[in-house]
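To keep things clear, I will list the structure first and then write my remarks on it.
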Amino acid sequence: MTFVFYDLETTGISPAFDQPLQFAAIRTDDDFNEIESINIRCRLSPHILPSPQALIVTGVTPEQLVDPSLPDFFTFTQRIAELTHCWAPATWVGYNTIKFDEEMLRQAFYQNLQPNLYTTQSNGNTRFDVLGAVYAAWQRNPGLFEWPVDEKGAVSFKLDRLAPANGFLDHDAHDALGDVKATIHIARRIAQDDPALWSELLAVRDKRQTLQRLESFRPMELIVRFGGTPRSITGCFCGRSASNGNEVGLLDLDAAEPGFLIGGSDDAIVKALSASPKVIRAVALNKAPLLFDIREPKPEHLRKAKMVAGVPGFRTRVGQALASRYGTAPDPSFLPVEKQIYAGFYADSDRRLLEQFQQAGWDQRRDILRALQDTRLRQLGRRLLAFHAPGLLSPEEHAQFVAFVRERWMAPDVRETEWTTLEKAQKELAKLRAVERVDQRQVDGIATFITQREQWLS
């Protein structure tokens, strides 16, 4: 199997309300030899205000945001989806990709009506995150790397610090292709200097295999990081979520005596999931959890794990507690359509229509939208028509689109507003003007661009 190392540069930090502007990837063999690469950019979608801070960090200019020679976001997304098919089977890997870039890609596929949102996990594809591998190196073989520190003297796991500190001297930080090359450098270091660790890390790509290992009830090491430096806990499988087969519970064998929970109330199990420190940890099987076999478990850990293995009813109760943690989900129809991404899978008939949609012209796409059952898809599709074929809209539909953009951009700067608004943009610009090391010509250019976007509303 090959690796696809990839990275995105984006308009901001919200997967739901920002968008990628650059996608870079290098496909390699198992020894990290390059097979092929790609580096593409796209234009800004009409309804998005970019974060000025993000533009400063990535170096993307206002001119690039509207460059007519670049593909639009819809075409850009089509190209990435094609790569996930033609490069399959492969492991899609990056640096913090599972938490950020994967979510960005999934939203891009969703908002541009791709039939498969999980394409980096289908057709034989798997996913992996080198940031997690770095955490494992810190815990299991700290001599693998020179560990940089930040301005406060704390160890930094950021790629733009770690890669240069370990011999990668050509790092073009915050450029997608530069970050990809730096990530390959870090992965190669682990694989070459500690092949046993690298092999163990790759094993967690397969969630079915990971579940089988857990269901042996052998004590396992889980590496976690919640601020500070990574640490490990010794735990054993204690149940699978009743509502999400990708989530399991891991009982910390040093934190509690299983008998108290086995004989305790359901509330006690729920509290064990939310305690600090947690007695039972939720583990996502499909996010390459940092789980390792323990060659010689302590007798005490084996005893406790055997207790859990012998009480199936306890594991059922843990599964129910895992499912109940979030209470009753709000009606998704009251959420912005972007936040409804996980409000149900598409019907097979809609999936087939989306496949046609990707190949059709915009006249045909309008007709396909009318045939879709899923209201989310129809809403997103009407938005795409407004972006790419405004001539197909009635005057009323065009007015509705302008009103939608105005509502987004004029929204108050409160916690619920996850996107960049005009008010947020002005606050960011003011902060940037107070930073001496920031090129103020760049700030002025971004400010002019934001003003031009605002004028479009009027």
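Sequential numbering from 3 applies to the sequence shown in our numbering.
Every residue gets a Cβ at the ideal spot worked out from N, C-alpha and C, and that includes glycine.
All of these numbers come straight from a predicted model, not from anything done at the bench.
Backbone secondary structure at Met412 - three-state DSSP: coil
Give me whichever residues DSSP pairs with Pro22 in a beta bridge. Thr12
For a test of the three-state rule: what should DSSP assign to His162, helix, strand or coil? Here the sequence assigns Asp to residue 162, which means His is not the residue at that position. Reduced to three states, the DSSP call for Asp162 is helix.
Flag Arg220 as yes when its Cβ comes closer than 7 Å to any non-hydrogen atom of the ligand FAD, and as no otherwise. Looking for the ligand FAD in the displayed structure turns up nothing, as the structure carries no ligands at all.
Just checking, does the region 237-253 make contact with the region 314-327 on the three C-beta pairs under 8 Å criterion?
Judged by Cβ distances under 8 Å, the region 237-253 makes contact with the region 314-327, as three or more pairs qualify.
Check the Cβ-Cβ distances between Asp365 and every residue of chain C, and say whether any is below 8 Å. No chain C appears in this structure, which consists of one protein chain only.
Notebook entry, point to check: Which partner residues does Arg43 have in the DSSP bridge list?
Noted result: Gln24.
Check your understanding: Measuring CB to CB, does Leu394 end up less than 8 Å from Asn114?
Key -> no
DSSP three-state assignment for Arg297, whether helix, strand or coil: Residue state, collapsed to three classes: coil.
Requested in this report: Figure out for me which residue from Ala274, Asp208, Glu217 and Gln366 has the closest Cα to the Cα of Lys289.
Outcome: Asp208
Looking at C-beta atoms only, is the number of pairs between the region 417-432 and the region 9-21 that lie closer than 8 Å three or more? yes
* Asked: From what residue to what residue does the alpha helix (DSSP H) around Trp140 run?
  -> Unbroken alpha helix (DSSP H) run through Trp140: Val132 to Arg142.
request  = To the nearest angstrom, report how far apart Leu67 and Arg45 are at their CA atoms.
outcome  = 5 Å
Rounded C-alpha distance that separates Asp352 from Ala373:
8 Å
On the criterion of 16 or more Cβ atoms from any shown chain inside 10 Å, does Ser243 qualify as buried, or is it exposed?
buried
Original post:
Phe7: which of Glu298, Ser71 and Thr185 sits nearest, CA to CA?
Top reply: Thr185
So which of Asp74, Ala26, Pro70 and Thr63 has the shortest CA-CA distance to His49? Asp74
task: Could you round the C-beta distance between Arg129 and Glu104 to whole angstroms and report it? I think they count as a contact, below 8 Å.
output: About 7 Å separates the two Cβ atoms, so the contact holds.
Can you name, in chain order, every residue of its own chain whose Cβ lies under 6 Å from the Cβ of Pro52, other than the five neighbours on each side? Thr13
Next item on the list: State whether the region 137-147 contacts the region 222-229, with contact taken as three or more CB pairs (one from each stretch) at a distance under 8 Å.
Entry: yes
Notebook entry, point to check: For Ala178 versus Glu65, is the C-beta distance shorter than 8 Å?
Noted result: no
* What residue from Gly237, Ser245 and Leu161 has the CA that sits closest to Ala258's CA? -> The candidate whose alpha carbon is nearest that of Ala258 is Gly237.
Between which two residues does the alpha helix (DSSP H) containing Asp369 stretch? For Asp369, the enclosing alpha helix (DSSP H) starts and ends at Trp364 to Ala373.
Please report the straight-line C-alpha distance between Leu72 and Val313, rounded to a whole angstrom. 60 Å
Given 8 Å, three or more beta-carbon pairs between the region 359-366 and the region 276-285: no
Can you confirm whether the region 24-32 touches the region 78-92 when touching is taken to mean that 3 or more C-beta pairs between the two stretches lie within less than 8 Å? yes
- Nearest-angstrom Cα distance between Thr99 and Val132? Rounded to the nearest angstrom, the two C-alpha atoms are 8 Å apart.
Original post:
If we ignore side chains and look at the alpha-carbon of each, how far apart do Val95 and Asp9 end up?
Top reply: 9 Å
Would the region 208-222 count as touching the region 289-305 if we require 3 or more Cβ pairs under 8 Å? yes
**Study point:** C-alpha gap between Val151 and Phe159, whole angstroms
**Key:** 9 Å
List the whole-angstrom C-beta distance separating Glu430 from Pro54, where the pair is believed to meet the contact cut-off of C-beta under 8 Å. 4 Å
- Beta-carbon separation of Thr30 and Thr86 under 8 Å? no
**Study point:** DSSP three-state assignment for Glu249, whether helix, strand or coil
**Key:** strand
Beta bridge counterpart(s) of Thr86 as assigned by DSSP: The partner list for Thr86 (beta bridge, DSSP) is empty, contrary to what the question assumes.
Considering only the beta carbon of each residue, do Glu153 and Ala167 sit closer than 8 Å? no
Using the rule of at least 16 other Cβ atoms within 10 Å of the residue's Cβ for burial, across every protein chain shown, is Cys88 buried or exposed?
exposed
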